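Below is one structure, written out as structure tokens; comments come after it.
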Amino acid sequence: MSSAAAALAASSAWAQAQPETSAATDAPAEPPALQDAQDDTTGQDIVVQGFRASLSSAINIKRNETATVDVIKAEDIAEFPDLNLAESLQRIPGVAISRVNGEGRNISVRGLGPEYSRVRINGMEAIGTTGGTDNSGGVNRGRGFDFNIFSSDLFNSLAVRKTATADVEEGSLGGTVDLQSARPFDYKKNTAVIAAAASYNDLARKTKPRVSGLVTATTDDGKFGVLLSVAYEERRLIEEGANITRWTYGGFNGGFNPASTIAGKTIAQINDTNPETALYHPRIPGLVSYDIEQKRLGAALSLQFQPTDKTLLSIDGLYSRLDGTRTEAQFQAIGFSRSGTGKPQTIIRSGTVDADNNIISGTFDAVDLRTQSRYDELKTDFYQVTATLDQKIGENFKIGGVVGYSRSEFRNPVQTTVTMDAANTNGFFYDFSTRFPTIRPGVDVTNPATFAFTNGTSEVRIRPQTVDNSFTNAKGFVEWTVSPIVKLKAGADWRKFEYASTERRRLQGETVVTTLTGAQLAPLTMLYSGFGRGLDVPDGTPTAWIVPNLAAFQNALNTYSNPLYATGGVENATARGSFVTVEEKDLGFWGMAEFNLADAGLPVRGDVGVRYVKTDQFSTGYAGQGATVDLVGADRSYDRWLPSANLVFDVTPNLLVRVAAAKTIARAGIGSLTPGGNLNVSGGNRTFSSGNPNLLPTESTNLDASVEWYPAPGSLYAVSVFQKDIGTFVQTLSTTVPYSSLGLPDSLLAGTTASPSDAFIVSQPVNSNGGLLRGFEVNVQQPFTFLPGFLSNFGVLANYTYVNSDIEYLLAANGSATVEASLLGLSKNAANATLYYETKKFSIRGSVAYRSNYLTAVPGTEGNAYNGTNATTNFDAQISYNVTDNLKLSLEMINLTDEKNDQFVDETNRLNVLTHSGRQFVFGARMAF
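So the sequence shown is numbered by this note's numbering: it starts at -9 and just counts up by one.
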């Protein structure tokens, strides 16, 4: 097996090692220092096996690059250090992740969220889209990449490029992430690997399978090779906790019943409509449980042909399917968010107000309760094919190119929700003085007789939806080695990105239902139970409640065939806004010079170049003017010049200093570019969102510097500083206004519980003035090989990142009011550390990842300053044992402390969401042939 892993150590930051004539898949050629390193190892068996070896290989790549690049390598063939790609990326300095359903979904780089980073797979840009729960952002309709689409077993190299070079396509402010799957010429002999594992989640209490395999073969003459890898896994997990749906103020939605009393407060104070002085209460105190099942299948096929030592053709194909279901059970005090017959009828019998003007606890009469069941079927298909040609002409010229196509298809063909209601219940109590609140209804919520299914109040929601993304890519380059000191490069690239989304909703309105008697309703319900394990649920908070049985409702009401429940697309006012298309074409030209002045007696190397890009966008959406609704198109173009430079000073053989400067752009989120709008009434939520086809790209002028010391093989001590001057960026401006002021016809509210006088949250993306982002990174990697005996088998890697931003957000569309706050998705502090022990037979390591709190919306809504997510600290561990040279056993333990997903609103840290998803254990075996 040692020779089978040959050439991995000499791989580039974005591609595995290949014969001397190979080109990197995402850039025309390697930097001079890296190319020299590859030439020096030609014909050798470079072994990358084990965690320590993968770290050493990654350090060598970072050291030889002129740009700032951090890399993670596979420990062995088809064996990545983590089960999820995002989980691995968080080990890189400056990278933090956000999790959905217990695993990493998106990343931020140096404080800049997923919308500001690009992902390339085998050298070509791609977008992958999945669906999430409502409190985790729902369906991804932007440019951010969902890493949970892929099994990590399909890849053997990840890299994050933090500084720009002219030959790398524009579109990223934070970083460009390169994912590289294996190729046959990566290996020195024919190889086969198979792995199998059992995965167990301690909250779901289910065991699921995970299998993967790789086979590769090359002809005896080394001219043709083929590689196939396949990975399949199943997951079963439960995520549950409190779901509050923000906080609002007493006077919102008509205020409380005038009979309400709170000691020391007048009714005018209780129902104050001024958000600055008002009393606040939880908007929808509630509990939620998600039962999630997933199947993930992935396959990678690579063909390589090298007819001569000057020609190399590589064809790579990648496919992944994420197929799952999500069953949801919720209990809510919906009346706190209802106008009309809801909140204005609710009487506060007693309450406690804290120092932040929160009604932190209280007893209430005439409270509307709701339970609901929801069922989703979710499927994402991703596929990509690329062809890469690298051709040498003589000794000093090289040409090459990449063509490819990728597509991500997200389908949510079934999204069905049924609600039941209990109106005007007495004795409801809540207490938010502890982080997990007490939510105690005054009625028996396990009794079907408590609830009703009534036309005009209860709901049947049917909302299937789709999101499609595709990329078509072509690029080429020419390279001339002028001398051993200077290399000139130039190239062109063309990309076409296409986006389309759809949705269907009920034509009659979601509250138009068939009223059922108590006797008819009871057999259509079931008892949800078992809530709250591991949450320390306060006494009185339900651990079981009655919910609609969706299968029974379907059989009784024929919801998928009864005309009363028929759905419509563009003809439906509440679904029409989801019909969005965007076509974007980017044409770029670039030129750069790479230099290494070592032969001239100067220890300086680097690159300098410029990129020109022209972007053409055309988007469509539905927009209304009075009673008329039309399909509207918006066409716009813009261009930019983007210079960049990277310099490396090799102060000593083991000490180097880097400096870099560049101008970069990131284009606005795809879903934001529609000229249309979307109306939504869902339970107590009332929103109207519109797009903005004239959004300018976010622009930044970047400065970077770092000092790196490599005292011994496998060791690294580095400090980096960076600044990004963000000239303009895109924010979502949210305001609260009556529906009647939107200029939309009242008929759009037919079949909903909303009225024209109801307050709607209106949101639109706009350009704001931006601001400065500054930070630094500290990175340490040290194997303890200098220690005696068994202590020499230990090692540590650790990093810390600090980022601070000063961004100006608009509070009004005309710019008359602004507020300064951190950039969305930015954690000021992030740290990762891993302590490991590794011998030839045995390996154990433990890792911790910390991310401080970050904002998700500025400004907030209903008087809250902002929305955000609180700090997280995740602990993982892995143990492995090599039974023989070919057989390895392993145990991976993920989220050992069962870290909570804790979301908040306002600077007073009002609870919004608090859920957990349990610990994950994976025991597996891996056999190599």
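All residues carry an ideal CB built from backbone N, CA and C; glycine is no exception.
Being a predicted model, the structure only gives us computed values, none of them experimental.
Any 3 or more C-beta pairs closer than 8 Å across the region 588 to 597 and the region 572 to 580:
At 8 Å Cβ cutoff, the stretches do not touch.
Which two residues bound the contiguous alpha helix (DSSP H) that contains E500?
By 1-based counting over the sequence shown, the position of residue 500 is 510. Counting along the chain, E500 falls outside any alpha helix (DSSP H), and DSSP gives it neither H nor E.
Measuring CB to CB, does H906 end up less than 8 Å from L525?
For the purposes of this step, residue 906 is taken as residue 916 along the sequence shown, with counting starting at 1. For the purposes of this step, residue 525 is taken as residue 535 along the sequence shown, with counting starting at 1. Between H906 and L525, the C-beta spacing is below 8 Å.
For the beta strand (DSSP E) that contains L291, what are its first and last residues?
Stepping through the sequence shown from its first residue, residue 291 is reached at position 301. Unbroken beta strand (DSSP E) run through L291: 276 to 298.
Would you list the one or two residues that DSSP bridges to D748?
Here residue 748 refers to the residue found at position 758 when the sequence shown is read from its first residue. Residue pairing from DSSP leaves D748 without any beta-bridge partner.
Identify whether K333 lies in helix, strand or coil by the three-state DSSP scheme.
Sequence index remark: in the sequence shown, residue 333 carries index 343 (1-based). Three-state DSSP puts K333 in a helix.
For the region 797 to 814 and the region 779 to 789, state whether three or more C-beta atom pairs, one from each stretch, are separated by less than 8 Å.
In the pairwise beta carbon analysis, the region 797 to 814 is classified as not touching the region 779 to 789: fewer than three pairs are separated by under 8 Å.
Limits of the beta strand (DSSP E) - the one that S304 falls within:
The residue you call residue 304 lines up with position 314 of the sequence shown. Per DSSP, S304 belongs to the beta strand (DSSP E) from 301 to 322.
Leaving aside the five residues before and after G559 along the sequence, list all residues of the same chain whose C-beta is less than 6 Å from its C-beta, in chain order.
Residue mapping note: residue 559 aligns to position 569 of the sequence shown, counting from 1. If we look at G559 and ignore the five residues flanking it on each side, its Cβ neighbours are R494, A565.
Spatial distance of S519 from T342 (CA atoms)
Here the question's residue 519 lines up with position 529 in the sequence shown. Here the question's residue 342 lines up with position 352 in the sequence shown. Going by the C-alpha atoms only, they are around 31 Å apart.
Does the Cβ of K179 have 16 or more other Cβ atoms within 10 Å, making it buried, or fewer, making it exposed?
Taking the sequence shown and counting its residues from 1, one reaches residue 179 at position 189. Burial is judged here by how many other beta carbons sit within 10 angstroms of a residue's own beta carbon; K179 has fewer than 16 and is exposed.
Please state whether the Cβ-Cβ distance between I282 and E224 is less than 8 Å.
Sequence index remark: in the sequence shown, residue 282 carries index 292 (1-based). Sequence index remark: in the sequence shown, residue 224 carries index 234 (1-based). Contact flag unset, no.
A918 to Q405, Cα distance in whole Å?
Mapped onto the sequence shown, residue 918 falls at position 928. Mapped onto the sequence shown, residue 405 falls at position 415. When only Cα atoms are considered, A918 and Q405 end up about 43 Å apart.
With a Cβ-Cβ cutoff of 8 Å, do D136 and T120 count as a contact?
Numbered from its first residue, the sequence shown carries residue 136 at position 146. Numbered from its first residue, the sequence shown carries residue 120 at position 130. Yes, these two residues count as a Cβ contact at 8 Å.
Here's the rule: buried if 16 or more other CB atoms are within 10 angstroms of the residue's CB, otherwise exposed. What is V848?
Position 858 of the sequence shown holds residue 848. That one is buried.
Mind checking which residues open and close the beta strand (DSSP E) that includes R95?
Counting from one through the sequence shown, the residue named residue 95 turns up at place 105. Annotation: the continuous beta strand (DSSP E) that includes R95 extends over 93 to 99.
F443 and V357: beta carbons closer than 8 Å?
Position 453 of the sequence shown, counting from 1, holds the residue named residue 443. Position 367 of the sequence shown, counting from 1, holds the residue named residue 357. Going by C-beta atoms, F443 is not nearer than 8 Å to V357.
For my contact list, I536 and T361 are in at a C-beta cut-off of 8 Å; report their separation, rounded to the angstrom.
As a working mapping, residue 536 is identified with position 546 in the sequence shown. As a working mapping, residue 361 is identified with position 371 in the sequence shown. Right, their Cβ atoms sit about 6 Å apart.
G240 (DSSP reduced to helix, strand or coil):
Against the sequence shown, residue 240 aligns to sequence position 250. Taken through DSSP and simplified to helix, strand or coil, G240 comes out as coil.
Candidates A48, E115, G667, G212, of which the one nearest A149 by Cα
Taking the first residue of the sequence shown as 1, we reach residue 149 at position 159. The shortest C-alpha separation from A149 is found at A48.
L825: first and last residue of the uninterrupted beta strand (DSSP E) it sits in:
Here the question's residue 825 lines up with position 835 in the sequence shown. Segment 819 to 828, the beta strand (DSSP E) holding L825.
Per the DSSP calculation, E573 is bridged to which residue(s)?
As a position in the sequence shown, residue 573 is number 583, starting the count at 1. According to the DSSP secondary-structure assignment, E573 is paired through a beta bridge with E488, F608.
Between the CA atoms of F719 and L540 - distance to the nearest angstrom:
Reading the sequence shown from its first residue, position 550 is the one you call residue 540. Reading the sequence shown from its first residue, position 729 is the one you call residue 719. Inter-residue distance for L540 and F719 is about 44 Å (C-alpha atoms, whole angstroms).
Inter-residue CB distance, T501 and S423 (contact presumed, cutoff 8 Å):
The count along the sequence shown starts at 1 and reaches residue 501 at position 511. The count along the sequence shown starts at 1 and reaches residue 423 at position 433. Separation of the CB atoms of T501 and S423 is rounded to 35 Å, and the pair is thereby denied contact status at 8 Å.
Which one of I452, Y790, S753, G761 has the shortest CA to CA distance from Q771?
Taking the sequence shown and counting its residues from 1, one reaches residue 771 at position 781. Among I452, Y790, S753, G761, the Cα nearest to that of Q771 is on Y790.
Going by Cα to Cα distance, which pick from D715, Q320, E159 is closest to R485?
Along the sequence shown, read from residue 1 onward, the residue named residue 485 stands at position 495. In terms of CA proximity to R485, E159 leads the group D715, Q320, E159.
What does the alpha-carbon distance come out to for the pair A613 and S568?
Along the sequence shown, one-based indexing puts residue 613 at 623. Along the sequence shown, one-based indexing puts residue 568 at 578. Their backbone Cα atoms lie some 11 Å apart in a straight line.
Does the distance from the CB of P701 to the CB of A658 come in under 8 Å?
Numbered from its first residue, the sequence shown carries residue 701 at position 711. Numbered from its first residue, the sequence shown carries residue 658 at position 668. In this structure, P701 keeps its C-beta atom at 8 Å or more from the C-beta atom of A658.
Between which two residues does the alpha helix (DSSP H) harbouring N545 extend?
Sequence index remark: in the sequence shown, residue 545 carries index 555 (1-based). In the DSSP assignment, N545 falls within the alpha helix (DSSP H) that extends over 540 to 547.
For the beta strand (DSSP E) that R965 lies in, which residues bound it at each end?
Not covered by the structure: residue 965. The range shown for the chain is -9 to 919.
Report yes if the CB atom of W237 is closer than 8 Å to the CB atom of Y190, and no otherwise.
Counting from one through the sequence shown, the residue named residue 237 turns up at place 247. Counting from one through the sequence shown, the residue named residue 190 turns up at place 200. In this structure, W237 sits away from Y190, with a CB-CB distance that is not shorter than 8 Å.
Cβ-based neighbour list, F400, same chain, cut-off 6 Å, excluding 5 preceding and 5 following
Position 410 of the sequence shown holds residue 400. If you ignore the 5 residues before and after F400, its C-beta comes within less than 6 Å of the C-beta of T119, T370, V457, all in its own chain and listed in chain order.
W580: buried (16+ other C-beta within 10 angstroms of its C-beta) or exposed?
Along the sequence shown, one-based indexing puts residue 580 at 590. Classification for W580: buried.
Round the Cβ separation of F426 and P528 to the nearest angstrom and send it over; I've been treating them as touching at under 8 Å.
Position 436 of the sequence shown, counted from the start, is the residue given in the question as residue 426. Position 538 of the sequence shown, counted from the start, is the residue given in the question as residue 528. Confirmed, Cβ separation roughly 7 Å.
Environment of K831 [buried if 16+ CB atoms lie within 10 Å]
By 1-based counting over the sequence shown, the position of residue 831 is 841. Exposed, since its Cβ has fewer than 16 Cβ neighbours within 10 Å.
Name the two residues that bound the continuous alpha helix (DSSP H) containing A43.
As a first step, residue 43 is located in the sequence shown; it is residue number 53 there, counting from the start. Segment 41 to 54, the alpha helix (DSSP H) holding A43.
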